[in-house]
Structure formats: C-alpha cells, structure tokens
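Each position in the sequence shown, counted from 1, maps to that position plus 228 in the numbering used here. Positions of the beta carbon are idealized from the N, C-alpha and C atoms, including for glycine. Treat the numbers as computed from the prediction; the structure is a model and nothing was measured.
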Amino acid sequence: MKIKILDLNYKPTDIAVGSARSCYFGKNIITPEMAENWDKKNELLDSIFKAGHHTTLQHYHFTILIEGMSRHLIWRLLHSHMFYNSEQVSQRYAKMRIENFYIPKSANSERWGNYYNKMFKYYDEFCEKLEPIMETQLPKFQKHNAKKKAQEMARYLLPVGMKAHLYHTINVITALRYLNVVNFLPESQTEAKEFANQLENEMLRIDENLKPLIEFAKKEKSVFPKIDMEKYRCEKDVKIFDIINHNFEMNENYAGVLRTSNIFLDESLLGGFNSYIRLSFSADAQNQRHRRSPAIRPAIQDIYKRDFYIPPIIEENLLSEYNEAINYSYEFFEKESVNIGFGEAIYALTNAHKIEILEKDDFNEFTHKAQMRLCYNAQQEIFDIVYEQIKQLGENGVDIDNFLPPCAVRYKEKIRPYCPEGDRFCGIKVWKLNFSEYQRKI
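Next up, the structure:
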C-alpha cells in the first residue's frame, strides 16, 4: 500500500489555534500566520483537544492519494462513517487487473495467488460471455456500452481482496479517529495498521505539532459494537420499520443540480424510517456513498453464512457457471478461516457475498437517494433495494410521489432536459411511467 497527503499552504495546528483564538479575540481575526509562532500555541492546542472542542480541528482537511488498499478495508473503515469524501476506481466501468489483489501477511502466498488467479479467470470468462448477452438488451445507441455492462455483472465474482486506488478527503479529527479504531476492527486489522502507520507519518510530515494529539488518539480505548441482528432479521431482503410519516412539498430545490434542499431545510427532515437490508458487498459499497444514510454494519463473523446475490441476467443465462465460481470461493474462504483466522481470510469472500445492515434515513436525504438509485443507469441491485423501500413506504401510507428518479422529478418541476444524463440516457422515458411500471432488464 502507498499513501500520500497533498500539501497545502498552512499547517492544521496553525489553523486550529488561529480559529480557536479568533473566538475570544474581539479586535480582528487571528490568521494561521499569526498563530504559527505564538508561544502558547501547543498549550492551547492540547487544552482544546482534550476538552473535546474539536470544531477547530475540522477546518483543515487532508486529501490523501491512496494506492493499493483492499476493497474490504475501504468498506470497513474509510466509507463506514459520514465524515469523508472519496473518488474511487470503479469496478463497474474499469476493467480489473489480476495483479491488484491483497494477500494477507499470515497467508500462504502461493495458495492465495492460485485462488485469486482462478477467481480472476472466472471474472474474465464472465466478461466475455456476458458481452454479447448485454448487446441484445441494450438499445441501439447504447450497444457500445455492452462491455462495461458485462464488467458490471462479472465483478460480483471478484474477491473483496481486490485493491483499489482513490482520492480520500477527511478532516484532522477523522484522521485521529482512524489511528485509534484500527486496533478494534473485526476484519483486516493487519492491513488497517499498515495504513495507520503510513497515515501517521504523513500527518507528521505535514505538521510535527500533531504529535501529542496522535499519541493521545492511539491510546484511547474504543470498542467495536456488538449487534444482535436476530432482533431485526426477516425473510425479506428489505424490511422497513419505525416509520415517521411527515408530509412535505417537492419543489425546485430538490430538482436542481445543486440540490439546495440541503441548505433550505424543510419538513422533509422530520419524516424518516429505518431499514433492515440484506445485500451484497458490492451493493453496500455503493450504498455507503450516501453518507447521510448511515448504517450499522456488524462484524461479518457474527452474521456469516453462505448467502450471495445473483444478478437476474446471470440467473437467466449463466447460473450453473456462477454457482460453481461462488461455491469455489466459499470453500477456499472457509478453509483459510481455519488457517489464518476469519478476519484475515475475509479477503477471499466475493463481492456477491451478502451481509446484513441496519440503515437510518430521513426523507430529506432519501429524496436524493431515490433520485440517484432509481435512475436506470444505477447498479441494478441497489435500484431494487431502494425500489422496495419506497414500495413499502407506500404500503404504510407515505406519499411516495416525492421519491422519484431525477428525470421524473425534473419533469414534475418542468426542468429541461428531463434526463440530466446527456449521452448516458438509458433510452427509456421513465418520467412517463408510473412507479409500479418501473422495470429493469439489466
């Protein structure tokens, strides 16, 4: 793994101390330059940090370039909370490469190399077999996307040990939290500690005055939550509960590109619901990007069983081959769990493996999620999940006309073009369909 923090003009501790002093200095603002050589700088920094006055440490952000981190650690750590922004290489649209797999330090590298080679061979074969099938499903002007659509479905066979590169932006407090929680993760702990060591070195390269804060963060006690999922588990893959029904009016604030509904908050914030969701690693990686839709993600060992997602197009055309690949992956994973432990063997599980989460949504956020995930270009699995959430809301008396794809919202507000996707238009005039008529082939 390799990480690098982009340099900025100011040090985070200068901004933190300058902003803190500005709160109590009536004459003028205290700039970072004025804070830099102040003789009581470190004393004040230590005081406000230990007192929990952390807003001063949230002005400065680290933008980190990360290469070679596993998809699982990204899922478990970087994207498991609300306080980040990331741009990550897509498995839907970029062809994956065999050399980009993480091998656990305690594992037999030859055995794992053979496993990854075989799973990647399955992936390659599915890309090849699915491409002509996708061509038959796409409109004429979209047939050139058949290869990418094939990759999108074939990626379910890739193990979560596949590495990725990404831009990742966090504030100082979140970085300090990372340094703490890596010691308490239920999976990928060795890789997480490697990341934390590099992150600490980079933070100190940027600002050596962070040292006392880093040492404090590394010593604080934390605990990974133990969740009794049996209380929420049901036969359905999606079940909503604890609904607070509060009507609100859809308007231009929800339809525009800037989504000023996030600034002009209205009664949509008062409504909401919780969900039990059983979904694949792949779908949850997409789901995590809705940071105002937080979710509880239990330790995988506590909820593990052989359970996996099957894309409908694969179920219709390549089911036996798909089952063969998935069963091979489970056999390898379960053997390696005995050899090196569950938390390190986790990398062998595929993107298709299903997990369970508990998610919380308010209606203000969920209007955006519905727009993004009811778009026919969205990943099919997460489209189906959000569709089911909305369907159940309707069955419980909630007005679901506010939870529409972007083209339908723009049509309702008379904003042209109705589809904002440009040359990515799916070819279906979804804005003319009723909710019950939304159907996806791929």
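Bounding residues of the alpha helix (DSSP H) (the contiguous stretch that carries Ala445): Lys439 to Lys447
Residues near Leu438 by beta carbon distance below 8 Å, same chain, minus five either side: Pro240, Thr241, Val400, Met431 and Leu432
Own chain, CB closer than 7 Å to Ile670, minus 5 neighbours either side, in chain order: Met362, Gln365, Lys377, Ile541 and Gln608
Supposed contact pair Arg487 and Met310 - C-beta distance, whole angstroms, cut 8 Å: At roughly 17 Å, the Cβ-Cβ gap does not stay under 8 Å, so Met310 and Arg487 are not in contact.
Nearest to Thr397 (by Cα), restricted to the options Phe476, His287, Lys346 and Asn479: His287
8 Å Cβ shell around Phe369 - same chain, five flanking residues per side excluded: Gly655
Contact set for Trp659: own chain, Cβ-Cβ below 6 Å, skip 5 residues either direction: Cys635, Ala636, Tyr639 and Tyr646
Classification of Gln620 by the beta-carbon crowding that lies within 10 angstroms, buried from 16 upward: buried
Minimum C-alpha distance to Met324 - residue among Lys333, Ser308, Ala382 and Asp629: Ala382
Nonlocal neighbours in the same chain, by C-beta distance under 6 Å from Pro367, ignoring five residues either side: Gly655
For Val466, the nearest candidate out of Ser247, Asp235, Tyr615 and Tyr238 (CA to CA): Tyr615
Separation of Lys391 from Gln319, as counted between CA atoms: 11 Å
Validate contact between the region 488-504 and the region 591-602 using beta carbons, cut 8 Å, 3 pairs: yes
Option in Val485, Ile568, Phe536 and Met457 with minimal Cα separation from Ile643: Val485
Close Cβ partners of Val245 (< 6 Å) along its chain, the five nearest in sequence each way excluded: Ala263, Lys269, Leu272 and Leu273
Cβ-heavy atom distance, Arg519 to the ligand MG, below 7 Å: Ligands displayed in this structure: none; no statement on the ligand MG is therefore possible.
Per-residue DSSP class, three states only, for His300: helix
Length of the line joining the Cα atoms of Lys333 and Thr578: 19 Å
Contact the region 437-454 vs the region 334-341: 3+ CB pairs below 8 Å: no
Pick from Leu306, Lys349 and Met478 that is closest to Arg405, judged by C-alpha positions: Leu306
Buried versus exposed call for Lys278 [16 or more other C-beta atoms within 10 Å across all chains shown]: exposed
Segment limits, beta strand (DSSP E) that includes Lys563: First-last for Lys563: Leu547 to Ile568, but that is the alpha helix (DSSP H), not the beta strand (DSSP E).
Cross-strand partners of Lys582 (DSSP beta bridge): Ser508
Distance, Asn555 Cα to Pro744 Cα: Any property of residue 744 remains undetermined from this structure, which presents the chain solely from 229 to 670.
Test item: CB-CB of Tyr666 and Leu586 under 8 Å: no
Ala483 vs Glu641 beta-carbon contact at 8 Å: yes
The region 472-481 in contact with the region 553-570 per 3-pair CB rule at 8 Å: no
Integer-rounded CB distance, given that Glu572 should sit under 8 Å from Thr418: 7 Å
Leu632 (DSSP reduced to helix, strand or coil): coil
Nearest residue (CA-CA) to Tyr330, options Met297, Phe354 and Arg517: Met297
Cβ-based neighbour list, Val317, same chain, cut-off 6 Å, excluding 5 preceding and 5 following: Ala392 and His393
Rounded distance between the beta-carbons of Ile292 and Ile231, thought under 8 Å: 6 Å
Ile618 and Leu507 closer than 8 Å at C-beta: no
Span of the alpha helix (DSSP H), counted from its first residue to its last, around Ala403: Val400 to Val409
Spatially closest choice to Ile276 from Thr259, His300 and Cys251, by CA coordinates: Cys251
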